[in-house]
Amino acid sequence: MPTAPITLAATDLSSYLPILILVGMAVTFGVFNVVASNLLGPSRTGKVKEKTYESGMDTIGSAHKRFNVRFYIIAMVFLVFDIEIIFLYPWAVTFPNIDQSTPDALLWLGRILFFVFTTVVAYVYGVRKGVFRFD
Amino acid sequence: MNNVIAQLWPEIALFVTTCLVMVVGLSKDRGTRKLCAPISAIGIIVAGYLAATTSVDTATTLPFMAKYGKVLAAGVGLLLLMLMAGTADRQLEDAVDRGEKFEPLRSTRAEFYAFFLFSLMGLMLCAGASDLIFLFLALELTSLPTYVMVALSTRRDRSMEAGVKYFFLGAMGAAMFLFGFALIYGATGSTALADVAYTIQNRAAGTGSIGPLALTGLVLSLLGVMFKIAAVPMHFYTADVYQGAASSVTAFLAFVPKCAGFFAIMLLVGCAGWAFGPDGYGSGTALPPELRILLWTIAVLTMTVGNVLALLQTSVKRILAYSSIAHSGYMLVGVIAGPGPAESTLASNGLAAVLFYLLTYGVMSVGTFSVVAALERRRRATAADAAIDEVDHIDELRGLWKRQPHLAAVMVICALGLLGLPPLLGFLGKLPLFTSALGAGEIVLVVILGLNSAIAAAYYLRLVSVPFLESGEPSTPDAVVPTPFPSRALAGVVAAVLVVVAGLAGGTLGSHAERAGTFRFPTKTMEATRHASQPTSTVSVPPDAAERGPNAR
């Protein structure tokens, strides 16, 4: 472990120049379009033009609709199982390289099975809580 | 890799128990649901046994703290579990008794016990932490479940309010200590606590001070962790959260985050070391001067604010909340005192004194909270469960000696213990704090500690005397009756018995704390042990796989 203060290696920032130019182009394009249409376009407003759009007809009902919490819960459940998948990827890529005849391979398999077991517990909990009931 | 798993068997046992409890608590059968608490108890006992027999010394400046901390967590955790009976799902189960169908969606029992065990698991991980990132994860695992436990504890709005307050302020504290950890990494180039300690103290030996970046990192981390132990200036949440949560959850909050916070504080302050003196590093046995001033101010303010504000309270839970703030202040005195000279005993090792005090304080606080948790207020007119509320006002404890003498005895013994009256356990816990601080030369701090203990007598003696007073004119028209959960009273009785018995025969417990508080000055060999304990990969790869790559078969 170094005992002197850490010094950063000098980085060559010129390789980032194309990214800066690209960002500049994107910003300029956006700003130019908005400003130009404000300056060059006609400015005619009216009562009908200011109304909320609903396929060209008079609006029915309020825009503040309630929707069921099941969508949010499904997103949360997706997050849990997605994290599990992320942990499975490196294991899946490394596992075929292990010599299958040694006990190490069984240990590796056992570890990932324990991890999958925890996900099964989460799944059973979710089923009992009614998370997957979508009626 | 196997060595890392070897350190984690107690936590793995708790985790398996959590998985079981989460599923069992949602079963359709009433009897299976009631198994949640016994399964948790078995899990905690197994975890405690594993911690006592299979602990590995961590590669930090406090190598023996892991075993002590884990066994402490299991022991007091078992008492806290006994207090938790009936906290979750009481109204739901009464409705099921009346004939309604069990609704798993409305039930909170499974989650409640699972979070209880998760938080206890986090506490054990904290005790065994050897890395900044590990420590952060452990601290968060300890606190996040407590936020939910507070919010779920009763069906009233005030526990939800307490939970929201606790969550937001706790998240702010966590952000602060995470920033501090990042700065410490920036200053030292490593997150392993052994390397951090070695780098900082080596630099201090060379240049005389620990450096501004490391100092900023340490200060920020300590301030963030001060939230957990409810030290001034991060104490503002304590009274409202302790009062809003159900009494059993308050007992949990009074012990577990405080324990985790002190483990973290000792590990962090140990990175700076207690070797500073008037001539810089190596000339004394004190903290670096900036850290010492900060911790000194925080300790004095914490003790004083906690004790003075407790005098003004009429709610038992708020009194105990401010008293817990004061006890954090007392323990900070031990942290300032430091480990003393090498081969020091409990009387001169401030860190061992803190660890022992955590044990004594945990047992006594469980006792006092159990008296509040074992009583409830019921409207005299009807027996409907909608009219059941907690006992909170101190006048509701009047006449307890006549009605429930065992609870009154528990309150008397534990309050006297918290006061520090010999020969109870509290005195045995407080004495090493005094002597170690005196040994470190902190005379003013010891005087302030003594004064504060005297101020505390005012409200502890109030708690002791109230059960003997006549009920007289009942201050509320409700009756104060014991709850239908005998394990809560049992937890209090066990705690009171421990306070008396261990107070008389506390030698062995003290010697465990003494060993746990051994401070090992960071050396190059500490690193070598750490690196050597992580074996290079022993997984065998078939010789031709390396050439062909993973996808060729």
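So the sequences go chain by chain: A and B.
Note that the working numbering has the first sequence beginning at 39, numbered continuously upward.
Note that the working numbering has the second sequence beginning at 14, numbered continuously upward.
Every residue, glycine too, gets a C-beta built ideally from N, C-alpha and C.
If you're wondering where the values come from, they're calculated on a predicted model, not measured in any experiment.
Item, Value
"Chain-ordered chain B contacts of A/VAL162 [CB-CB under 7 Å]", "VAL36"
"Among B/ALA288, B/ARG391, B/LEU304, the one whose alpha carbon lies nearest that of B/GLY353", "B/ALA288"
"Contacts of B/PRO117 in chain A (Cβ-Cβ under 9 Å)", "ARG166, LYS167, GLY168"
"Same chain, Cβ closer than 8 Å to A/GLY164, neighbours up to 5 away in sequence not counted", "VAL115, PHE170"
"B/LYS415: CB within 8 Å of a non-hydrogen atom of the ligand ADP", "Looking at this structure, you won't find the ligand ADP or any other ligand, since it has none at all."
"Under 7 Å from the C-beta of B/CYS32: neighbouring residues of chain A", "THR156, VAL159"
"CB contact below 9 Å: A/GLY79 versus chain B", "no"
"Alpha-carbon to alpha-carbon, B/PHE369 and B/GLY523", "6 Å"
"Outcome for B/ILE349 when other beta-carbon atoms lying within 10 angstroms are tallied against a minimum of 16", "buried"
"9 Å Cβ cutoff met for B/VAL254 and B/ALA323", "no"
"Cross-strand partners of B/GLY293 (DSSP beta bridge)", "B/GLY290"
"Pair within 9 Å by beta-carbon distance, B/VAL493 and B/VAL404", "yes"
"Buried versus exposed call for B/GLU116 [16 or more other C-beta atoms within 10 Å across all chains shown]", "exposed"
"Contacts around B/SER68, its chain only, beta-carbon distance under 6 Å, and the 5 residues preceding and following it disregarded", "ALA79, LYS80"
"Other residues of its chain near B/THR535: CB distance less than 7 Å, five sequence neighbours each side excluded", "As written in the sequence, residue 535 of chain B is Pro, which differs from the Thr given in the question. Closer than 7 Å at Cβ, skipping near neighbours: THR74, ALA207, ALA210, TYR211, GLN214."
"Proximity below 9 Å, CB of B/GLY351 to CB of B/TYR294", "no"
"Three-state secondary structure (DSSP) of B/ASP70", "coil"
"Partners in chain A for B/LEU39, counting only beta-carbon separations shorter than 8 Å", "TYR163, ARG166, LYS167"
"C-beta atoms of B/MET137 and B/VAL262 nearer than 9 Å", "no"
"Those residues which DSSP pairs with B/GLU403 across a bridge", "B/GLU389"
"Where the alpha helix (DSSP H) through B/ASP170 begins and ends", "170-201"
"7 Å Cβ shell around A/SER53 - same chain, five flanking residues per side excluded", "none"
"Burial state of B/GLY283 (16 or more Cβ within 10 Å)", "buried"
"Simplified DSSP state of A/VAL107, which is helix, strand or coil", "coil"
"Residue environment, B/TRP22, which counts as buried when at least 16 other CB atoms sit within 10 Å", "buried"
"Three-state secondary structure (DSSP) of B/PRO495", "strand"
"Straight-line gap, B/ASN465 to B/GLY183 (C-alpha atoms, nearest Å)", "27 Å"
"Spatial distance of B/ALA142 from B/THR71 (CA atoms)", "7 Å"
"Cutoff 9 Å: B/PHE265 Cβ touching any chain A Cβ", "no"
"Euclidean distance between Cα positions of B/ALA277 and A/PRO56", "46 Å"
"Inter-residue CB distance, B/ARG331 and B/ALA252 (contact presumed, cutoff 8 Å)", "5 Å"
"Cβ contact (3+ pairs, closer than 8 Å) linking the segment 438-447 of chain B and the segment 469-483 of chain B", "no"
"Other residues of its chain near B/ASN320: CB distance less than 6 Å, five sequence neighbours each side excluded", "ALA339, ASN465, ILE468, ALA469"
"Backbone CA spacing between A/TYR161 and A/ARG108 [nearest angstrom]", "16 Å"
"Test: B/ALA195 CB closer than 9 Å to a CB of chain A", "no"
"Chain A contact for B/ALA365 (CB, 9 Å cutoff)", "no"
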